[in-house]
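Everything on this sheet refers to the single structure shown next.
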């Protein structure tokens, strides 16, 4: 197997544009290497991005936070910018894998994997994430919500590299969280995950965003629960109703990790758990 | 005693923590070849043909070995010789091996293994053990699907149930569990220049393997040498599976004339290796209003999977311990081990006790609840005491420590206050409910009626006063090397550093049976002590001869006589110059037992250990998540030779049992295993572990050297029922199926998968 390890984005893009079938892009490798080992994929060559320093940053830009795609999950966890202004993403980093995995895995890799259980996706959905995709022809920006299509499938083109993820900083009156449920305390693959963000005005919900993981072939929003909450006063009855609605929006399946009924119920339980703090 | 009963550092710690210890995967011999298995494609099928041509054409492939290459017997097995080294007539589970591709590298061997073409005729399968018991079920082996049947009979249960005020009937169910040793299975076999078969590997019971290798290779046992490499864990798991692997490598070494190494990947290990048996347990219990037990009946069915392995012994222990540590005058237990087309099952830490303890200890908690009694009060009323008679009719002549463990564990966990306080607090909480539960056990020490229970240890003293020890007992992490070194150093009155323990080599030490049943310290310790006694006798003779005295006493490393004293080293030199032997084999045989299999009665073990574990949990009723907050484990051990390692056993056993209770399940659907690595076979992680308080209760046994008994397995057999009982205390929900995972706790049942 050939391994290309370019030091610049341009070099990487040119290798990618010349590529044949069988070349895979390697970022942190915590998913790709397992797929190679299990022979789910059989690469002829790997394009290792890990040396490209220009894709490795967390920047404070006014009301935006820009995150280089090669930023490690552990670096998100250590960033006070993320902790203070992108709380759902920080909470996702907090429960992501184990310290060893957080030291290798990158946010870009987690996004491009487009897994319905990817922990950074629901937070990016609610934080209004946008993605920069670069190819030799140029650059395009897409909304995170338009990015994943199905497990492992996204709109990224063969010659594109995800370079940057930008999210909107949370405002003073915004509240957000990420909750995931797995069987154990670490090294946990979600059975269900929920990300939430809202603005609060006069003890009422305003502009609510809810994203659900592991309950559909891709991460989804919960528009009916969002609409229900908008303008409602914060009280227990409202929270309970919203949780019930969100649960009904999930379309989970039964697989090795959990069952349909349990998953749907847990969407409500996690949302309720997170919203209780507002009471 | 300078070392015994002290927290001495492990003698093998340094090489392990510095990475110098060589495990089988680290070892490479000149001209060595690598073997990769071709495995079954169906859980039950007749093998029509095996075509190896395409594999043999691949560059780097040296040979493809099948059953046809075996010079001797084609089957091996711990109890029944029912497991093929290479499947030849048919395959019986997905882990069966059909052929071994031997090549210049592991990569080539694995690639070529895919090129072996096996044609099958699929046979009707059976995966449910209760279905497998029916006459109509497809036969997995020629003599039917019942591997074994055991019973216990005491008194008259019909009469007992008639006298009962309350009768409860309950069913409990447990799952397949993987040992999850860190190091997967591996061996290297070679045929030496003088024609012996030499095998290295992480083989737990090398004497068991040795005998089967001799049969398979059609050579004398004296020509088989098994050298145990450092074990990266075992927990009972590196027994039959290692015999099969060693036999495959030996045949391959014979065919190719070169050393052959086989090492399983994690996925192969999970697929092939035997598991802890899933049990179905149907109990019926008669209770009187005064809180006593009038009758107990149990029907127990163990899924043995494709091969017998140690199922006859595992189920035997379950059978005799099925009534728990209680006084019950009318007992009827029927226990079956059954073949299915699932992965085969065998020895795993606990050996048939974790399953029945889950049932009986949940049942006793249910009984206490029916009687509106506190479970502790119920256990103190019914628990075995000195001189009581067990369910099999054995009068207990040792100190029965059950009540002592109950008292110590419940005091340390504030049982009485918490039973009331937590209930009160729960009334105020909508979401998080706390509870506290307990479980107790009696456990027969060592092998019991499984077979001859003896071991030998050889000691050689050197002229400089240092000592070499050889033994046929496995250190798989439990620390027997350290225990034996402590005993030898203390008996000789020499520093621990002067004792060196050689690797376990079957060609050099007497057959000491398997290192199982938590027997190594009890039986091996006795043998070590006996060996030192023999050497000391020789040295006393040497001192008598040198000093010209009759009376010699050995104390604190010195031989004292009326004419002066001699050091240990001086006495060795004297003995050597007098031509006396400087080595001795110590032999220890366990006290006799009596078991009548026909009548289901007897004294199945010469002594017992007792234990109580208390678990405090918090249940998140929104999600079903059970957080274990604290565990107190009080274990009676006879005497702790090394209290630090003994507590280590408790911490480890509790961690493993936490996985059994809440997380772990080797999932298999229609014979197809679904959890082949640790991404979906969920072991507990460090953050899942509660605080564990380990309490050692020491009542030295009069029948053993130093009074030492067992500990390794008892630590692993109580937490699941303690947690189930704590969940009941917290929520009022009774869970009768393991693991008690999120879905089970939240929904109260497991949904059908798929």
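Residue numbers (the working numbering), protein chains in the order written: chain H, 282 to 560; chain C, 493 to 1246. We put the CB at the ideal spot given by N, CA and C, even for glycine.
For residue 283 of chain H, tell me which candidate among H:528, H:524, H:326 has the shortest Cα-Cα distance. In the first chain, the residue the question calls residue 283 of chain H occupies position 2. Ranking the options by Cα distance to residue 283 of chain H, first place goes to H:326.
In chain order, what residues of the same chain have a beta carbon less than 6 Å from the beta carbon of residue 1028 of chain C, not counting five sequence neighbours either side? For the purposes of this step, residue 1028 of chain C is taken as residue 536 along the second chain, with counting starting at 1. Excluding sequence neighbours, residue 1028 of chain C sits near 1046.
Neighbourhood of residue 865 of chain C by C-beta, 6 Å cutoff - its chain only, sequence neighbours within 5 removed: Numbered from its first residue, the second chain carries residue 865 of chain C at position 373. Excluding its 5 nearest sequence neighbours in each direction, residue 865 of chain C has C-beta neighbours in its own chain below 6 Å: 783, listed in chain order.
Checking contacts by CB at 7 Å: is residue 1234 of chain C closer than that to chain H? In the second chain, the residue the question calls residue 1234 of chain C occupies position 742. Interface flag for residue 1234 of chain C against chain H is set, since a Cβ pair is found closer than 7 Å.
Mind checking the stretch 518 to 549 of chain H against chain C and listing, in chain order, the residues whose C-beta falls within less than 9 Å of any C-beta there? Contact residues of the stretch 518 to 549 of chain H toward chain C are 535, 536, 537, 538, 539, 540, 541, 542, 543, 546, 547, 549 (C-beta to C-beta distance below 9 Å).
Own chain, CB closer than 6 Å to residue 309 of chain H, minus 5 neighbours either side, in chain order: Your numbering for residue 309 of chain H matches position 28 in the first chain. For residue 309 of chain H, where only same-chain residues beyond five positions count, the Cβ hits under 6 Å are 385, 386, 387, 390.
Please name the residues in the stretch 1097 to 1130 of chain C whose beta-carbon is closer than 7 Å to at least one beta-carbon of chain H, in chain order. Taking 7 Å as the Cβ-Cβ cut-off against chain H, the residues of the stretch 1097 to 1130 of chain C that qualify are 1114, 1115.
Taking only runs of the beta strand (DSSP E) that begin and end inside the stretch 1166 to 1239 of chain C, which ones reach a length of at least 3 residues, in chain order? Taken in chain order, the whole beta strand (DSSP E) runs of length 3 or more contained in the stretch 1166 to 1239 of chain C are 1183 to 1189.
Short of 8 Å Cβ to Cβ, which residues in the stretch 461 to 477 of chain H face chain C? Here the close residues are 462, 464, 465, 466, 467, 468, 470, 472.
Which residues, in chain order, does the stretch 549 to 583 of chain C contribute to contact with chain H at a C-beta distance below 8 Å? Nothing from the stretch 549 to 583 of chain C brings a Cβ to less than 8 Å from some Cβ of chain H.
In the DSSP output, what is residue 1075 of chain C paired with across the bridge? Locating residue 1075 of chain C in the second chain gives position 583, where the first residue counts as 1. Residue pairing by DSSP places residue 1075 of chain C opposite C:952 in a beta bridge.
Is the stretch 974 to 986 of chain C close to the stretch 942 to 961 of chain C, with three or more CB pairs under 8 Å? By the criterion of at least three beta-carbon pairs nearer than 8 Å, the stretch 974 to 986 of chain C is in contact with the stretch 942 to 961 of chain C.
Report back the beta-carbon spacing between residue 1213 of chain C and residue 1152 of chain C to the nearest angstrom; my notes put them in contact at under 8 Å. Working through the second chain from its first residue, we reach residue 1213 of chain C at position 721. Working through the second chain from its first residue, we reach residue 1152 of chain C at position 660. No, residue 1213 of chain C and residue 1152 of chain C are not in contact; Cβ-Cβ is about 11 Å, not under 8 Å.
For the putative contact between residue 1130 of chain C and residue 1206 of chain C, defined by C-beta atoms under 8 Å, what is the C-beta separation to the nearest angstrom? Here residue 1130 of chain C corresponds to residue number 638 of the second chain, with the count starting at 1. Here residue 1206 of chain C corresponds to residue number 714 of the second chain, with the count starting at 1. Not quite, the Cβ-Cβ distance comes to about 11 Å (not below 8 Å), so this is no contact.
Within this structure, are the beta carbons of residue 934 of chain C and residue 817 of chain C separated by less than 7 Å? Walking along the second chain from the start, residue 934 of chain C turns up at place 442. Walking along the second chain from the start, residue 817 of chain C turns up at place 325. The beta carbons of residue 934 of chain C and residue 817 of chain C sit closer together than 7 Å.
Please identify, using Cβ separations under 7 Å, the residues of the stretch 286 to 312 of chain H that lie next to chain C, in order along the chain. The residues in question: there are none.
Below 8 Å CB to CB, which residues in the same chain sit around residue 537 of chain C once its five sequence neighbours on both sides are set aside? Along the second chain, one-based indexing puts residue 537 of chain C at 45. Answer for residue 537 of chain C: 582, 583, 612, 613, 614, 615, listed in chain order.
Report the CB separation of residue 339 of chain H from residue 290 of chain H in whole angstroms; it is logged as a contact under 8 Å. For the purposes of this step, residue 339 of chain H is identified with residue 58 of the first chain, where counting begins at 1. For the purposes of this step, residue 290 of chain H is identified with residue 9 of the first chain, where counting begins at 1. Residue 339 of chain H to residue 290 of chain H, Cβ: 17 Å. No contact.
Which of the three DSSP states is assigned to residue 421 of chain H in this structure? Here residue 421 of chain H refers to the residue found at position 140 of the first chain. Three-state DSSP puts residue 421 of chain H in a strand.
Limits of the unbroken alpha helix (DSSP H) element including residue 699 of chain C: The residue you call residue 699 of chain C lines up with position 207 of the second chain. Segment 698 to 709, the alpha helix (DSSP H) holding residue 699 of chain C.
Using 7 Å as the limit for Cβ to Cβ distance, is residue 1180 of chain C near chain H? Counted from its first residue, the second chain places residue 1180 of chain C at position 688. Chain H, which has a Cβ nearer than 7 Å to the Cβ of residue 1180 of chain C, makes this yes.
Per the contact definition of three or more C-beta pairs closer than 8 Å, is the stretch 1099 to 1110 of chain C in contact with the stretch 987 to 997 of chain C? The stretch 987 to 997 of chain C, when compared against the stretch 1099 to 1110 of chain C, does not touch it at the 8 Å Cβ threshold.
Please confirm if residue 746 of chain C has its CB atom under 7 Å from at least one CB of chain H. The residue you call residue 746 of chain C lines up with position 254 of the second chain. Not flagged as an interface residue toward chain H: residue 746 of chain C, since no C-beta distance is shorter than 7 Å.
How far does the beta strand (DSSP E) with residue 773 of chain C in it reach, from first residue to last? Stepping through the second chain from its first residue, residue 773 of chain C is reached at position 281. From DSSP, the beta strand (DSSP E) with residue 773 of chain C extends over 771 to 779.
For residue 316 of chain H, return the contacting residues in chain C, with the cut-off set at a CB-CB distance below 9 Å. As a working mapping, residue 316 of chain H is identified with position 35 in the first chain. Chain C residues near residue 316 of chain H: none, gap ~12 Å exceeds 9 Å.
I need the straight-line Cα distance from residue 541 of chain H to residue 1227 of chain C, nearest angstrom please. Start at 1 with the first residue of the first chain, and residue 541 of chain H comes out as number 260. Start at 1 with the first residue of the second chain, and residue 1227 of chain C comes out as number 735. Taking the straight line joining both Cα atoms gives about 21 Å.
For the alpha helix (DSSP H) that residue 978 of chain C lies in, which residues bound it at each end? As a first step, residue 978 of chain C is located in the second chain; it is residue number 486 there, counting from the start. It spans 972 to 984 - the alpha helix (DSSP H) in which residue 978 of chain C sits, taken as one unbroken run.
Is the beta carbon of residue 734 of chain C less than 7 Å from the beta carbon of residue 682 of chain C? In the second chain, the residue the question calls residue 734 of chain C occupies position 242. In the second chain, the residue the question calls residue 682 of chain C occupies position 190. For residue 734 of chain C and residue 682 of chain C, no; Cβs fall outside 7 Å.
Where the beta strand (DSSP E) through residue 788 of chain C begins and ends: Translated into the one-based positions of the second chain, residue 788 of chain C becomes position 296. 785 to 797 is the span of the beta strand (DSSP E), which, as asked, contains residue 788 of chain C.
Taking the beta strand (DSSP E) that residue 406 of chain H belongs to, which residues open and close that run? Stepping through the first chain from its first residue, residue 406 of chain H is reached at position 125. Here residue 406 of chain H belongs to no beta strand (DSSP E); instead the alpha helix (DSSP H) covers 402 to 407.
Could you check whether the Cβ of residue 1166 of chain C sits closer than 7 Å to any Cβ belonging to chain H? Sequence index remark: in the second chain, residue 1166 of chain C carries index 674 (1-based). Residue 1166 of chain C belongs to the set of residues whose beta carbon lies under 7 Å from a beta carbon in chain H.
So, helix, strand or coil for residue 576 of chain C, using DSSP? Position 84 of the second chain, counting from 1, holds the residue named residue 576 of chain C. Residue state, collapsed to three classes: strand.
Could you work out which residue in C:691, C:1176, C:1135, C:1217 is closest to residue 1202 of chain C when comparing CA atoms only? The residue you call residue 1202 of chain C lines up with position 710 of the second chain. Closest option to residue 1202 of chain C, Cα to Cα, is C:1135.
Against chain H, with Cβ distances strictly below 7 Å, would residue 1150 of chain C count as a contact? Within the second chain, residue 1150 of chain C is the residue found at index 658, counting from 1. Not closer than 7 Å to any Cβ of chain H, the Cβ of residue 1150 of chain C fails to qualify, so no.
By how many angstroms is the C-alpha of residue 828 of chain C removed from the C-alpha of residue 1313 of chain C? Given a span of 493 to 1246 for chain C in the structure shown, any question on residue 1313 of chain C remains unanswerable.
List the endpoints of the continuous beta strand (DSSP E) containing residue 589 of chain C. Looking up residue 589 of chain C in the second chain gives position 97. Its beta strand (DSSP E) spans residues 589 to 595.
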